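The structure appears below as structure tokens.
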Amino acid sequence: MLETRRLLAGIELISIDTTGDSAGSGFPVLAENPAISATGRHVAFQSAATDLVAGLVDTNGENDVFVRDRLLDVTIPISLAAGLGLRTASGRSMDPSISESGRYVAFSSSADDLISAPLIIDAPINVYVHDRDTDSDGVFDEPGATETRLLSLGASGLGDGDGIFGGPSGGDPFGYGVATSRPRIAGNGKQAAFASFADNFAAGITDANFTTDVFRVGTRGGASPVMISDDFTGTLSGGNGSPLPASHSPDISLSGSVVAFVSEANNLVKDAEVGTEEDIYVHNFTTGTTTLVSRNFAATDGGDADSDDPDLSADGRYVVWESASTDLTAPGVNTNGFAFDVFRASASGGMVELISVNGLGKTGSGASEDPSISDTGRFVAFESLASDLITDPDQLAAGVVDGNGVADIYARDTLFGTTALVSINAIGTASGIGSTPGIFGASINPVISGNGRYVVFESFAEDLAAGLTVAGRNLYVRDLTAGVTRSSRPISAEVTRETTAPMKRPSASSRR
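Following this line, the structure appears as structure tokens:
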């Protein structure tokens, strides 16, 4: 646990290639979807940059998955073609998720040559896990001691998942374009959760909702995924057979025994009065129960608008999420209408706590989203357009202000009830600023390390790291206990989420 939290400095630029310049051979190439190990040593990300690893042959011209070891100052390519050395796989790889130790990396990919086993790989996108230490000697990425395995394995065991959306022959009449997506690996690396259109994963369950469901699978390979988003009878996919009640965006606990996810289905919990909005659910494999977490303050229904993007603490005790609902907390707390806010609750249900809260105990002056929670559930990082969230005593005493008018990154300490600005400039006085038209210094898409010490985020600000002015979209790591701000040695290319603009979601009312 962190005892001292000096939040006035400590930002590192990490979007640097092997020569010390911004990745992308002179032009910043987007890198997306961060994932960070418990101690902050290993950072997984996706990038289309071709100059991250010396000698790497890029055959696809698209995003590939990498891991940066911040201690050894080395970047490791993960999504390689099987048996071909330093050569990227044939298709796009994305959505990385990394275990607590950094050993296991789950990701999704359209490539068909990541594994050499004689399996049929014909779905548009599949889920894989890469083991960086198959001989378990504690040394990662040794030649001959790594392996990539297919996780989205159909019930037949002969190939990947399939269904109306699952393969090229089925097409995608609704335009979703993916079969399997957003893998999240358990902290211990033994289980993973993901969403998929495929209808041939779960034996004994009729998958008749024609949309995405959420599954859990062991990472050792060879086993078919188990559906999590089935109805309360355990015989049907969520949604009572009605079309398009999607379940998606899972997260999974350290042990893999608890999975949080988003669903529009109205039959996941018996006797629950759930409307048409997306809600947050938590399934506990130990108890066999599914719980509606995004309940309104009166505990009579789900929230009055969509909830999304859940993130679980390592022990599965707490879940954070974003929501446009106005009725999750006591009357009078919501003052920004249907703008998104960030919330936390016990994964077993109960009172909902507002995380994006200002000094008056109300919602912030602007929308907040993209929460990320530490292992214990104490610290929550998130992105916000609000300018009135700073309540950290050190920052208040120093006169720190958020005056850039765009999205910034914050960290909430739920134990002390304080919120600090993370995307702070190098001199420790204000939120960062930049010159990119339309976004002018916006910082977005944070991920917090398991120990709560590091926050990874991307930013258009040009004044975050001391002694360095960098234009465009770059990736930074903030050490929340550091007393100085410094630029880093090469620590990776950019690691961000798959988004091109801050605060990308409209209000709930305009989304329906």
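Numbering-wise, the sequence shown is residues 1245 to 1756 according to this note's numbering.
Cβ coordinates follow ideal geometry from the N, Cα and C atoms, glycine included.
The model shown is predicted, which means the values in this text are computed figures rather than measured ones.
Comparing alpha carbon positions, the residue from N1689, N1578, P1690, V1666 closest to A1709 is V1666. In the three-state reduction of the DSSP assignment, L1719 falls in the strand class.
DSSP places P1637 inside the alpha helix (DSSP H), whose first and last residues are 1637-1642.
Nearest neighbour of G1547 by Cα position, chosen from T1579, L1512, V1596, turns out to be V1596.
For L1536, the uninterrupted beta strand (DSSP E) run begins and ends at 1533-1536, by DSSP. Going by beta carbons, G1465 and L1394 fall inside the 8 Å limit. In the pairwise beta carbon analysis, the segment 1279-1290 is classified as touching the segment 1686-1700: at least three pairs are separated by under 8 Å. Counting other Cβ atoms within 10 Å of its Cβ, A1641 stays below 16 and is therefore classed as exposed. With at least 16 other beta carbons inside 10 angstroms of its own, V1537 counts as buried.
For E1627, the enclosing beta strand (DSSP E) has its first and last residue at 1623-1628. The beta carbons of F1587 and A1568 sit no closer together than 8 Å. Of the residues E1522, I1677, S1334, the one whose Cα lies closest to the Cα of D1356 is S1334. When C-alpha distances from G1388 are compared across V1645, D1377, N1304, L1397, the shortest belongs to D1377. Looking only at S1600, G1608, T1607, the smallest Cα-Cα distance to S1616 is reached by S1600.
DSSP, read as helix, strand or coil, puts G1546 in strand.
By the neighbour-count definition (other C-beta atoms within 10 Å, threshold 16), E1522 is a buried residue.
Under the criterion of beta carbons closer than 8 Å, L1633 and T1663 qualify as touching, at roughly 5 Å.
Non-local beta-carbon contacts of N1648 in its own chain, meaning distances under 6 Å to residues more than five positions away in sequence, involve S1675, I1677, G1685 in chain order. Residue environment analysis places E1386 among the exposed positions, since fewer than 16 neighbouring C-beta atoms fall within 10 angstroms of its C-beta. For L1665, the uninterrupted beta strand (DSSP E) run begins and ends at 1662-1665, by DSSP. If you ignore the 5 residues before and after G1299, its C-beta comes within less than 6 Å of the C-beta of L1330, all in its own chain and listed in chain order.
Around the C-beta of I1320, 16 or more other C-beta atoms lie within 10 Å, and the residue is accordingly described as buried.
Counting C-beta atoms within 10 angstroms of its own C-beta, A1467 has fewer than 16 neighbours from the protein chains shown and is therefore classed as exposed. Runs of the beta strand (DSSP E) spanning 3 or more residues and lying entirely within the segment 1345-1384 occur at 1348-1353, 1370-1375, in chain order.
Taking the Cα positions, A1361 is about 10 Å away from T1392. Ranked by Cα distance from V1297, the options N1304, V1287, T1303, F1310 are led by F1310. In the three-state DSSP reduction, E1566 falls in the strand class (E or B). In terms of Cα proximity to E1276, the closest of H1286, A1436, N1307 is N1307.
Per DSSP, reduced to three states, the secondary structure at D1585 is strand. Here I1671 is exposed, its C-beta having fewer than 16 other C-beta atoms within 10 Å.
Taking a C-beta distance under 8 Å as the contact criterion, I1359 and V1349 do not qualify as a contact pair.
Here DSSP, grouped into helix, strand and coil, assigns I1599 to coil.
DSSP links F1459 through a beta bridge to F1438, M1471. Separation of the CB atoms of R1426 and D1339 is rounded to 6 Å, and the pair is thereby assigned contact status at 8 Å.
DSSP places T1620 in no beta strand (DSSP E); its state is neither H nor E. Sequence-distant Cβ neighbours of P1494 in its own chain, meaning closer than 6 Å and more than five residues away, are R1428, A1437, V1458, V1503, F1505.
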